[in-house]
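J.:
Protein chains in written order, with the working numbering: chain A, 1 to 261; chain B, 262 to 554.
#1: Quick one: what's residue 19(A) bridged to in DSSP?
#2: Taking beta-carbon pairs under 9 Å, can you tell me which members of the segment 97-122 of chain A lie near chain B?
#3: Residue 407(B) CB to nearest chain A CB: under 7 Å?
#4: For residue 52(A), which residues in chain B fall below 8 Å Cβ to Cβ?
#5: Taking the CB atoms as reference points, tell me whether residue 65(A) and residue 15(A) lie closer together than 7 Å.
#6: Residue 216(A) by DSSP, collapsed to three states: which one?
#7: Considering only the alpha carbon of each residue, which of 215(A), 71(A) and 52(A) lies closest to residue 62(A)?
#8: For the segment 137-222 of chain A, list the beta strand (DSSP E) runs that are entirely contained and at least 3 residues long, ordered along the chain.
#9: For a contact defined as C-beta to C-beta under 7 Å, what are the partners of residue 343(B) on chain A?
#10: Look at the alpha carbon of residue 543(B) and the alpha carbon of residue 178(A), and state the distance between them as a whole number of angstroms.
#11: What three-state label does DSSP hand residue 86(A) in the structure shown?
#12: List the DSSP bridge partners of residue 51(A).
#13: At a CB-CB cut-off below 7 Å, which residues of chain A make contact with residue 477(B)?
#14: Output, in chain order, the set of chain A residues within a Cβ distance shorter than 9 Å of residue 533(B).
#15: Note the first and the last residue of the continuous alpha helix (DSSP H) segment covering residue 64(A).
#16: Is the beta carbon of residue 286(B) sitting closer than 7 Å to the one on residue 488(B)?
#17: Whole angstroms are fine: how far does the CA of residue 163(A) sit from the CA of residue 280(B)?
#18: Sorted by chain position, which residues of the same chain lie with C-beta nearer than 8 Å to residue 439(B)'s C-beta, five sequence neighbours on each side aside?
#19: Taking residue 246(A) as part of the alpha helix (DSSP H), name the residues at either end of that continuous run.
#20: I want to see whether chain A comes within less than 7 Å of residue 485(B), judged by CB atoms only; does it?
#21: Write down the C-beta distance between residue 356(B) and residue 306(B) rounded to the nearest angstrom, noting that I regard them as a contact closer than 8 Å.
#22: Are at least three pairs of beta-carbons, each pair with one atom in the segment 85-95 of chain A and one in the segment 129-149 of chain A, less than 8 Å apart?
#23: Thinking C-beta only, is residue 149(A) closer than 7 Å to residue 99(A)?
#24: Any C-beta of chain A within less than 9 Å: which residues of the segment 444-475 of chain B qualify?
#25: According to DSSP, residue 78(A) sits in a beta bridge with which residue or residues?
#26: Along the segment 46-70 of chain A, what residues have a CB closer than 9 Å to any CB found in chain B?
#27: Taking Cβ positions only, does residue 556(B) come closer than 7 Å to chain A?
#28: I'd like to know whether the C-beta of residue 294(B) is nearer than 7 Å to at least one C-beta of chain A.
#29: According to the neighbour-count rule (16 or more other Cβ atoms, all chains shown, within 10 Å of its Cβ), is residue 565(B) buried or exposed?
#30: Helix, strand or coil for residue 9(A) per DSSP?
#31: Can you look up residue 14(A) in the DSSP assignment and give me helix, strand or coil?
#32: Can you round the beta-carbon distance between residue 403(B) and residue 449(B) to whole angstroms, since I take them to be within the 8 Å contact cut?
#33: If you check the beta carbons only, do residue 395(B) and residue 457(B) fall under 7 Å apart?
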C-alpha cells in the first residue's frame, strides 16, 4: 500500500494559520494532498486535527497562508459517528441518497439513482439494510453507510474524522481494509485518528499535529519516542512486533494495589 | 351525516373548513422541518412577533396589515438568525428577546390605538368568522409556494436538516436554505394566523409533526403523515368549534392534542423512543462554513 503522495496535487495548504475567536489553533501549516495519498493525521485532543480537516474542506478560511484546490475537485467527508442524530427519521437508503448530485427537481429517486444507491450499498456489504432505520445498524454498519453516502459522490478525495472512534476491533479491521480498497481504486484518503496502535501504525503515511506539524512520514519514521513526545507532550515507548510499531505509555511508577492514589 | 352536512349550509363554515384544513396541512408540512431542526420555540416566537407587526400596521395602513406583518415576521426571523450567528447569544435567548418584545409592542399598540382589522381576541385565538376571499387566496398562494419549496429543494432541506456540516461540504448552501425556510415559515404563520390565532399556531407546527414521527422512521413518510394529520386536525377541529361554539384555533389544537394522546397510547414505547430527542441533531461539529479572513 503506497500513500506518501507523489501523484498530481489535489489540495495544497501553504504556511496556513487558523484560529477561532482570535485563538490560534494551527500555525504555519503546510500540507499537500496528492492523488495517491493515504494519510492519517494524529495528535492529542485539541491539537488541531479537525481544524486541519476543515481547512482541507474549505469550511474554514485561514487567517494567514493560502489554500489551493484543484479545479472541480470532488471531495467527500465522513463525520464522526458521535456527532450524528441517530433518532432522526431516516432509513439507510434515504441517508445515502441525500448526497446525490443536486439538479433533480423531483423529491423521489429516479431509477438510475436507486440503482446507484443499491450498487454502493452492495459494494460495502450492507445492500440488504436499505429499509432499516439508521439507529438499527451496528457501529460498523453505520460507518459503512456514511462511506456509502460519501462514495455516491464519486470523490477524488475522501476525508474522515475519527472513522474508528467507538467501534470494536473487528469493525476497525473491516474499516481499515475498506479504506485500503478504496485507496487502491484511486481515492486519496486523509483521516484523523487518536488510535495509534489500532489505526495509525497500519497507515502508509502519518502527519503528527500539535498546533503545528510536528512530524511527517511513514510510521517507522514518525512513531519514535521523540516525535511522539513532541506531539502528545508525554513520554512513550515504541516497541516493534512482527514489523509493526506499537506505542506504549511510559508509566511514571507502578501502581500497588491498596496504595492511596 | 346530518351532523356533517348541516354546518356546510353556511358559507362562512365552508370557507372556514377550507381554510382550517389547508392551514393544518400547511403547518403540518413545514412543522416537520421545524421540529426536526429543534426550532419549535422559533415557531412560537415568530407567531408572537408577527402579532407586533400586525398591530403596528393598523396605525399606518390597516388594509396592508398582512404585508406589513409578514415583513415584520421575516425581519424578526432574520434578526434572530443574525444575532445567534454573530454573537454569543443563544438562539433561545435571541428568540425570547426579539419576538416577545415585538409581541409586547403589539399589545401596547392595540391597547392604545385599537384596531380596524381583526379584533385583539380573534388575532390571539383565531376565528372563522369574516374570512375574506383575499385571505383564502393568500393562504392558497403560501401553500403552493411551500409545497414548491419543499419539493424542489427536497434534498437540500433534508441534508441541511439532518447533517448541516456535511451538507455544506457536499454543495448545499446551508445558509441560504435556512434563510428561505425562515421566510416560508413566516409566511405560513401569517397566512394561518387569523384562523388558528397567534398563541396556537406554534402548537399546530409541532403536534402533527411529533405524531407523525411516532408513526414512522422514514423522513418521506413523516412529511406525508404530518401533512395529513394537520389536515385532519383542521377538519375535525372546525366541526368541533362549530358545535362547541368556541374559537376555531382552540378546537383545532385540542383535536391535535387528543390525537397525540391516542397515538402515544397505541404506539407505546416505540412511539416514545422515536419522538425522544427529536432536536438532538443540532449539536454542531463546527464544520459548517464560516468565516472570512
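C-beta atoms are modelled at their ideal positions from N, C-alpha and C, and glycine is treated no differently.
T.: Reading it off the structure:
#1: 24(A)
#2: 97, 98, 99, 100, 101, 102, 104, 105, 106, 107 and 108
#3: no
#4: Going along chain B, no residue has its Cβ under 8 Å from residue 52(A), so there is no contact; the nearest lies around 12 Å.
#5: yes
#6: strand
#7: 52(A)
#8: 157-161, 188-193, 205-209 and 213-217
#9: Going along chain A, no residue has its Cβ under 7 Å from residue 343(B), so there is no contact; the nearest lies around 18 Å.
#10: In this prediction, residue 543(B) has a pLDDT of 40, which is less than 50 and means its spatial position is unreliable; what the coordinates show is noted afterwards. Roughly 30 Å separates the two Cα atoms.
#11: coil
#12: Answer by DSSP bridge pairing: none, since residue 51(A) is not bridged.
#13: 89
#14: In chain order: nothing, as chain A lies at least about 11 Å away.
#15: Residue 64(A) -> not in any alpha helix (DSSP H); beta strand (DSSP E) instead, spanning 64-69.
#16: yes
#17: 50 Å
#18: 342 and 421
#19: From DSSP, residue 246(A) is part of no alpha helix (DSSP H) but of the beta strand (DSSP E) over 244-249.
#20: no
#21: 4 Å
#22: yes
#23: yes
#24: 473 and 474
#25: 160(A)
#26: 50, 51, 53, 54, 57, 58, 59, 60, 61, 62, 63 and 64
#27: In this structure chain B extends from 262 to 554, so residue 556(B) is not present and cannot be described.
#28: no
#29: Beyond the ends of chain B as shown, which are 262 and 554, falls residue 565(B); an answer cannot be given.
#30: strand
#31: strand
#32: 6 Å
#33: no
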